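Numbering (the working numbering), first residue to last: 506 to 901.
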């Protein structure tokens, strides 16, 4: 199994090195334990022994679609929706070369999580993470994103020339990232943060990213230590949208307080997550704060580690604007209404969570598509910056 970043995988249960065992599996050479690999994505989840055995049996028998269907139905422990319909999953597997991202999300049965993924390109918390990266950008070569979902950030980073890799606990999200969002060159690994052994120990990367996920973790200090080891002596960490326990929000998870941030990240520059979104919209440098002053913010964002920029720069271009010549779509949240277009949120929950902080106008004259001329002074740049127009995947 080839990789652009030299990962050496170990078993999450034993810590022993894993070696290729046929095209569709990895093997612990000391114990013989095997783990499935589909579309180049190792599945290393603990506590799923029966599922692993069933998937390997399908793969060994040449039943690749049946094996994939079993993994696509697997969810994280926070999931409280109905299970995916196996017939829908098999239809998606059959049509994966032609289906749209919207069709994929629907057939996977992701519900409101699917709404979140489909519209994340203009979600204010996603923009906060982009602004954080741009404000401290130092041209990293290799990037790892923990809890990467379907790869929104990895797509942007890969198109800036970075070698990208990502991990998530849900195999289906990585599979969608592979086929609809990021592409074939990214390296993905599916594993649990609570594994006894971190499956990618000491992987050398310049930047570690984690957005809207750190607060879910049980043993945050242990996972953070693993992420710091990945960044090494010269890399840096960018963690955004960490929910504040003293400001209840909409998401599940185990939020943190300012005291936790101060203890876990004594070397960090810390931001109010909303400040980062405003900085992008207003084309200025975001302003970090003393942690104690952020007790009332909804979520924290921060950079840490020896490789971070010592001070933020203005958020004017880079990751937050597409390259010149990019074909853009009118934000799909707009629908025709009268002589122009109006925002229609996918659900009341989505509107309540994001509506007060969105950067795009509630009405737009269109058009439905435009080509970005490039540059911070182009006439259409402000409409792109606010995500009135978005750069969607080809098969959105």
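We put the CB at the ideal spot given by N, CA and C, even for glycine.
Remember, it's a predicted structure, so these values are computed and weren't measured experimentally.
- DSSP links residue 741 through a beta bridge to 712.
- Pairing residue 684 with residue 604, the inter-Cα distance amounts to about 10 Å.
- Closest in alpha carbon position to residue 697, among 653, 793, 661, 587, is 653.
- Per the DSSP secondary-structure output, residue 696 pairs in a beta bridge with 549.
- Buried is the label assigned to residue 782, since at least 16 other Cβ atoms lie within 10 Å of its Cβ.
- Between residue 650 and residue 715 a beta carbon distance of about 7 Å is seen, short of the 8 Å cut, so the two are scored as contacting.
- Each of 785, 805, 622, 801 was checked against the Cα of residue 769, and the nearest Cα belongs to 805.
- Secondary structure in the stretch 740–817: the beta strand (DSSP E) runs of 3 residues or longer, each lying completely within the stretch, are 741–748, 774–777, 804–809 in chain order.
- Under the DSSP assignment, residue 677 falls in the alpha helix (DSSP H) whose first and last residues are 676–681.
- Following the DSSP letters along the chain, one finds residue 609 inside the alpha helix (DSSP H) bounded by residues 606–612.
- Nearest Cα to residue 705 within the set 660, 735, 541: 735.
- Residue nearest to residue 788 within the set 548, 886, 619, 666 is 886 (criterion: CA-CA distance).
- The residue from 597, 710, 678 with its alpha-carbon nearest to that of residue 618 is 678.
- Taking the Cα of residue 839 as reference, the smallest distance to any Cα among 641, 874, 547, 702 is reached at 874.
- If you ignore the 5 residues before and after residue 661, its C-beta comes within less than 6 Å of the C-beta of 824, all in its own chain and listed in chain order.
- Look at the beta carbons and you see the stretch 556–568 touching the stretch 539–546: at least three pairs across the two are nearer than 8 Å.
- The shortest C-alpha to C-alpha distance from residue 669 to any of 687, 675, 688, 648 is the one to 648.
- A buried status is given to residue 628, since no fewer than 16 other beta-carbon atoms sit within 10 Å of its beta-carbon.
- Residue state for residue 650 is assigned as strand, using DSSP reduced to three classes.
- Taking a cut-off of 8 Å for Cβ pairs, the stretch 805–820 and the stretch 771–779 touch, as three or more such pairs fall below it.
- For residue 583 and residue 826, the gap between their C-alpha atoms comes out near 34 Å.
- Here the C-alpha atom of residue 712 lies approximately 20 Å from the C-alpha atom of residue 790.
- Nearest to residue 891 by alpha-carbon distance, out of 822, 849, 901, is 822.
- By the Cβ-count criterion, residue 663 is buried, with 16 or more other Cβ atoms from all chains shown falling within 10 Å of its own Cβ.
- Ranked by Cα distance from residue 784, the options 751, 763, 750, 820 are led by 820.
- Residue 869 holds the alpha-carbon nearest to the alpha-carbon of residue 843 among 880, 516, 853, 869.
- For residue 866, the closest C-alpha among the options 880, 778, 882, 835 is that of 835.
- Residue 627 is bridged by DSSP to nothing; it lacks a bridge partner.
- Per DSSP, the continuous alpha helix (DSSP H) segment holding residue 725 begins and ends at 725–736.
- Contact between residue 612 and residue 623 fails: their C-beta atoms lie close to 13 Å from each other, not under 8 Å.
- Taking 7 Å as the cut-off, the beta carbon of residue 752 is found no closer than this to the beta carbon of residue 786.
- The C-alpha of residue 841 lies about 27 Å from the C-alpha of residue 879.
- Taking a C-beta distance under 7 Å as the contact criterion, residue 693 and residue 546 qualify as a contact pair.
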